[in-house]
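To start, the structure under review is shown below, and the notes come after it.
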Amino acid sequence: MRWWLCSLHDGRSFSPKYPTLKMRLDQNLQQMASAAFETAFGRPIDAKDVSVQKTRKEFAGDRTIVCFPLARHSQCAPDATAHKLGEAMVHLDGPVQGFNVVKGFLNLELEASYWQDWLLGEASSPNYGIQPAGSAPHVMVEYSSPNTNKPLHLGHLRNNFLGHSVSRILEANGHTVTKVQIINDRGIHICKSMVAWRKFGDGETPESSGLKGDKLVGKYYVAFDKAYKEEVRGLVQDGMSEKEAEASAPILMEAQDTLRLWEGGDGDTVSLWKTMNSWVYAGFETTYATMGVEFDKLYYESDTYLTGKERVLEGLEKGIFEKTEDGAVWIDLTNDGLDRKLLLRKDGTTVYMTQDIGTALLRFQDCPDLDRQVYTVGNEQEYHFKVLFLILSKLGYEQADRCHHLSYGMVELPEGKMKSREGTVVDADDLMAEMFGIARDIAQEAGKLDGLDEEEQNSVFQRVGLSALKYYLLKVDPKKNMMFDPKASIDFYGNTGPFILFNYVRGRSILRKAETEPVSGGIACPEADEMDLIGLLHDFPEVIEESAITYNPSLLANWCYDITKAYSSYYQDHSILGADDDQVIALRLVITERFTRCLHLGMNLLGISLPERM
RNA sequence: GGUCCCGUAGCUCAACUGGAUAGAGCAUCUGCCUUCUAAGCAGACGGUUUCGGGUUCGAGUCCCGACGGGAUCACCA
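Under numbering that gives the first Met the number 0, the residue at position 19 of the first sequence is numbered 18, and the numbers go up by one with no gaps.
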């Protein structure tokens, strides 16, 4: 244990003035303001109606109460209201020691000891900012869920980092979280790769080619597309209409036959399917391991689509769905402002929607205590989920209300959307490798890691490189589309993951050195220079909570940057171990400890792990 | 065409959910390493928050309209 923790907690003088202060500061001030208001004006106001916010830096004070809305209740001008309210609050038994008024803004000044007590009290807890495990309901979070016909790309990285981070943030808020993905291992897309591999593959395997399994299968998916296009072109030249040609190209027919054979359980087809899928999974596993994401449970579409089909047939009997003359099953959602949607093809095979119905219901069945499901899927599928939840509801499942689509925006390239056809896809493996390489180049050039063995160095490169990528993708509001320019690459300086890591490492370095320098006594009173950092530390629990409520890790990412920036500036202007006064050293060390601990936790909730050196 | 999302500095993004003088990074320029890690710090430059109305003490934020960009409305997943 660090000296400044034990010396301040063991046996003595630390007795906070407001030890039972369970509520956070702002709520407390709201209640105080409510009480003070009644004293001053003889009329009650609801504590919730009091707007408390941090005082802006350019004004004196810690917290500000906005008094414009209160003027209506006080029957006084806003600034007069502020004065009287401030007067009454100072007289209450609480931390408010003084105040000043600017226009209708009441700036409250807290007792100096308030923040000292807080630093040594609430902020010192190892659990600061997180809720006890199991104190909130069970949530299932789905993410990743790639197609098994091509390798993971930049879009999947955003998806995985987002879903993984949201899972951790929910856990920090006390939820039990089950991380899942649906493996789309079935359907026409995988059949296309199978057909192409049979036609052009000549028995090629990952072993024989040295290609990662997902890359190999992706290669044949591309080969299929190429052959298909050629056939269509040929048919059009022979006088067929384009639409007709697209629907009847022989290689497509072959893929559709393969799908029928697969659904019929044909031995050879199923066997090849298993082989090629296993190649893809092995490739994905490697990529997930590099990314640092994991899953608690996998759902396979091949296991859930039949359940979906059964529910659709039940719905058909109940008259919720309708069968057209050719035998296909549809739902008519025009009364709900949507369109007609296909649920079963005329040949009885299932579509995407069918299996998602089955999957959703199976998951609630598997976890009886499940409170809700979160689907991390791109915003291009908003319509799909709208329809899915509506269908579940029409089928009579109340679980429909407990499903949430966590929709996120596309990662766009300067030329627009990624198109595999045009070769503009940014491959996940390649991009991560590039990040590691940049991290290595920078570190080696500066000679920062001399003295570490190769394994330790690699671990640092990976953490630093991955931090750049993860932070880059997570700092943007999930719902917004974002831009990625492969030529400009991802920065390692400025508002970036490595900047945050760097300052964490500096803080940790100080703490390691401090261990050998015993100092006793209390901590000095924080000055204005320290208040920036203390204020941000105080925000931490709310940031974690807000990130969970809104499924938005970018709030947390931005907090990590803000506090790091504040620490970096502080670090530059103040010598922490070299201060003249022992109590000042103690204060600065306490702040450094709170900073590194909260930052470590916050970054971990983003899925970013921190090195001790870099 | 219907529905949904977005529009903030040259570029990439913030803005505590309606609060005070809209902030960071990149890029450009100027300083700072004999000092706890310079992947850093300090400063300069950069804005009619796309445009026009409305709501009120107060609007980048809310409502209406226009313009611009994206997504979606598949017997692909």
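Every residue gets a Cβ at the ideal spot worked out from N, C-alpha and C, and that includes glycine.
* 8 angstroms Cβ cutoff met for residue 158 and residue 142 -> yes
* Asked: Cβ atoms of residue 609 and residue 512: under 8 angstroms apart, would you say?
  -> no
* **Start-to-end residues for the alpha helix (DSSP H) that takes in residue 225** => 212-236
* Would you say residue 184 and residue 270 are within 8 angstroms of each other, going by their C-beta atoms? -> no
* **Runs of beta strand (DSSP E) lying entirely within the segment 349-415, each at least 3 residues, in chain order** => 369-377 and 402-407
* Span separating the alpha-carbon of residue 227 from that of residue 612 -> 53 angstroms
* Asked: residue 104 and residue 81 look like a contact to me (Cβ under 8 angstroms); what is the Cβ gap, rounded to whole Å?
  -> 7 angstroms
* Are residue 394 and residue 259 closer than 8 angstroms when you measure CB to CB? -> no
* Asked: Which residues bound the alpha helix (DSSP H) around residue 302?
  -> 300-317
* Asked: Enumerated in chain order, which unbroken segments of the alpha helix (DSSP H) with a length of 4 residues or greater are wholly contained in the segment 150-181?
  -> 153-171
* To do: For residue 331, name the three-state secondary structure that DSSP assigns.
  => strand
* Could you check if residue 456 is buried or exposed, using at least 16 other CB atoms within 10 Å of its CB as the buried criterion? => buried
* What three-state label does DSSP hand residue 63 in the structure shown? -> strand
* To do: State yes or no: is the C-beta of residue 220 within less than 8 angstroms of the C-beta of residue 273?
  => no
* Could you spell out where the alpha helix (DSSP H) holding residue 266 opens and where it closes? => 266-290
* Between the Cα of residue 623 and the Cα atoms of 135, 492, 202 and 54, which residue gives the shortest distance? -> What is shown of the chain runs 0 to 613, which leaves residue 623 out entirely.
* Asked: Alpha carbon to alpha carbon, how far is residue 509 from residue 543?
  -> 27 angstroms
* Asked: Using CA coordinates, which residue listed in 476, 83, 317 and 351 is at the minimum distance from residue 41?
  -> 83
* To do: Under 8 angstroms by Cβ, that's how I've got residue 376 and residue 384 pegged, so tell me the actual separation to the nearest angstrom.
  => 7 angstroms
* Asked: Based on the DSSP output, what are the partners of residue 617 in its beta bridges?
  -> In the structure as shown, the chain starts at 0 and stops at 613, and residue 617 therefore has no counterpart that could be examined.
* Examine the Cβ distances between the segment 480-496 and the segment 400-416 and report whether three or more of them are shorter than 8 angstroms. => yes
* Spatial distance of residue 439 from residue 119 (CA atoms) -> 39 angstroms
* To do: Report the rounded CA-to-CA distance for residue 231 versus residue 474, giving the unit in angstroms.
  => 44 angstroms
* Asked: Cα-Cα, which of 548, 564 and 499 is closest to residue 602?
  -> 499
* **alpha helix (DSSP H) runs contained entirely in the segment 63-88, provided each spans 4 or more residues** => 70-73
* Asked: Can the beta-carbon of residue 312 be found less than 8 angstroms from the beta-carbon of residue 322?
  -> no
* What is the DSSP secondary structure of residue 608, reduced to helix, strand or coil? -> coil
* Find out if the Cβ-Cβ distance for the pair residue 293, residue 178 is shorter than 8 angstroms. => yes
* Asked: For residue 599, which residues from the same chain have a beta carbon less than 8 angstroms from its beta carbon, with the 5 sequence-adjacent residues on both sides left out?
  -> 503 and 609
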